[in-house]
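**Student:**
Numbering (the working numbering), first residue to last: 192 to 492.
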């Protein structure tokens, strides 16, 4: 991993994500997850190289469920910084970490030249729908993490947004309040969970816009596997819209048809959100490039 001191960092590492989101042309970005073994790492890098040519505004590498895989996330993010022309958005959570440990991870990102961080509270380890308990010497909320990162240096901080209501939230208004607090703490953009209902995203965006100028990019995932998306929806605590389930269930016995319908649905949702002024789309790739490329091409991006 390369190390960069006080200056001389390559332009792609210090590129401004908020500035990209403010451009007339939609900002496109991609999300990957850290590989579990050598074979999946090879698959990840194939996807990264396939999508690099599209010149996305940024790419992100997630933590695993419950905050696991932190070391791999940091390593893969560092490799992206070192070996590609892509702007990495580094994930960071509060899960199971003291404030000292969080500072150390931020330091590791900074040493590799990374200057864009996505600050997340994260899910409880072991059971993502379990009771959240902060580390005794750690942080309890994402706005606290945003403030900590901003106090450590010249970082641009993004945060998560939940247009379908976070599972721990009483209502949509509470989620709007939480996002506003993150913005007040220093967040300059937000990325949503995967969106399957454009109206939910647009309603949430407009409620936030009435209170803060904060670009919110919707997450978009082309469905290629029905069981996988149902499991992800269950873990997120946000049910898939009935109209989406009906279209996928109608072809569930034909994997090729499921994939085709998934790409079709993602294209429709993405087009609607772009038409209504979304600043861009954040593709959740599952470390595969082909379905994402199809939606990208369908949208003439």
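C-beta atoms are modelled at their ideal positions from N, C-alpha and C, and glycine is treated no differently.
Helix, strand or coil for residue 408 per DSSP?
**Tutor:** Residue 408 falls in the strand class under three-state DSSP.
**Student:** Count the other CB atoms, across all protein chains shown, that sit within 10 Å of the CB of residue 225; report buried if there are 16 or more and exposed otherwise.
**Tutor:** buried
**Student:** Compare the Cα-Cα distances from residue 376 to each of 492, 310, 296 and report the closest residue.
**Tutor:** 310
**Student:** Whole alpha helix (DSSP H) runs in the segment 331-372 with 4 or more residues, listed along the chain?
**Tutor:** 333-341
**Student:** Evaluate residue 373 with the Cβ neighbour count: other Cβ atoms within 10 Å of its Cβ, from every protein chain shown; 16 or more gives buried, anything less gives exposed.
**Tutor:** By the Cβ neighbour-count rule, residue 373 is buried, with 16 or more other Cβ atoms within 10 Å of its own.
**Student:** Tell me whether residue 328 is buried or exposed, calling it buried when 16 or more other Cβ atoms sit within 10 Å of its Cβ.
**Tutor:** Under this definition residue 328 is an exposed residue.
**Student:** In its own chain, which residues sit with a C-beta less than 8 Å from the C-beta of residue 210, not counting the 5 before and 5 after it?
**Tutor:** none
**Student:** Along the chain, where does the alpha helix (DSSP H) containing residue 212 start, and where does it finish?
**Tutor:** Counted as a single uninterrupted DSSP element, the alpha helix (DSSP H) harbouring residue 212 occupies residues 208-212.
**Student:** Distance, Cα to Cα, residue 358 vs residue 203?
**Tutor:** 35 Å
**Student:** Pull up the CB-CB distance for residue 382 and residue 410, whole angstroms please, since I reckon it's below 8 Å.
**Tutor:** Indeed, because the Cβ distance is near 6 Å, the residues count as touching under 8 Å.
**Student:** Is residue 251 closer than 8 Å to residue 282 when the C-beta atoms are compared?
**Tutor:** In this structure, residue 282 sits near residue 251, with a CB-CB distance shorter than 8 Å.
**Student:** Assuming residue 171 contacts residue 483 (C-beta within less than 8 Å), just tell me the rounded distance between them.
**Tutor:** For residue 171 there is no data in the structure shown, the boundaries of the chain being 192 and 492.
**Student:** If you follow the beta strand (DSSP E) that residue 280 is in, where does it begin and where does it stop?
**Tutor:** Residue range 279-284 is occupied by the beta strand (DSSP E) that includes residue 280.
**Student:** Can you find at least 3 beta carbon pairs, one from the segment 390-403 and one from the segment 435-451, that sit closer than 8 Å?
**Tutor:** no
**Student:** Would you decide whether residue 361 is buried or exposed? Buried here means 16 or more other CB atoms lie within 10 Å of its CB.
**Tutor:** exposed
**Student:** In whole angstroms, what separates the C-alpha of residue 446 from that of residue 479?
**Tutor:** 16 Å
**Student:** Taking residue 338 as the reference, give the member of 228, 236, 378 with the closest Cα.
**Tutor:** 378
**Student:** Nearest CA to the CA of residue 354: which residue from 333, 331, 384?
**Tutor:** 384
**Student:** DSSP has residue 252 in a bridge; who is on the other side?
**Tutor:** The partner list for residue 252 (beta bridge, DSSP) reads 223, 281.
**Student:** Among 306, 289, 305, 304, which one has its Cα closest to the Cα of residue 332?
**Tutor:** 289
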